[in-house]
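Notes follow the structure.
Residue numbers (the UniProt record's numbering): 1 to 129.
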């Protein structure tokens, strides 16, 4: 954005030089001042158009986000899907594998007991046997 040269106060307090006593203001000075004001208005107009474009873009993005939110809420409200026939097979497989898990726990308990017995027989310093 172009730099704004005059504020409202500057325009209000502007005093033009008189070319000759009592004749009026210097036309070149007035024209120069008005040219600067026109540039300021052009800068303001450009900035306004830029901001209006940004507002339109953000409103479009907001609308798209709101539509996406509504769609996600509708998906969340939909009822759960029915259970497939494959689910009981998975449960049976878990039940069949349970004895193996108990055997692993039992083997772990046996290893701990053997380690404790070795410490008791050979002493606490004989852990590297």
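From the three backbone atoms N, C-alpha and C, an ideal C-beta is built for every residue, glycine too.
>> Check this for me: beta carbons of residue 25 and residue 16, under 8 Å apart or not?
In response: yes
> Are residue 4 and residue 40 touching if we call contact CB-CB under 8 Å?
Replying inline: yes
>> Do residue 14 and residue 33 count as a contact pair if the criterion is CB distance below 8 Å?
In response: yes
> In the DSSP assignment, what residue or residues form a beta bridge with residue 25?
Replying inline: 18
> Just the Cα atoms here: how many angstroms apart are residue 64 and residue 57?
Replying inline: In this structure, the straight-line span from the alpha carbon of residue 64 to that of residue 57 is close to 11 Å.
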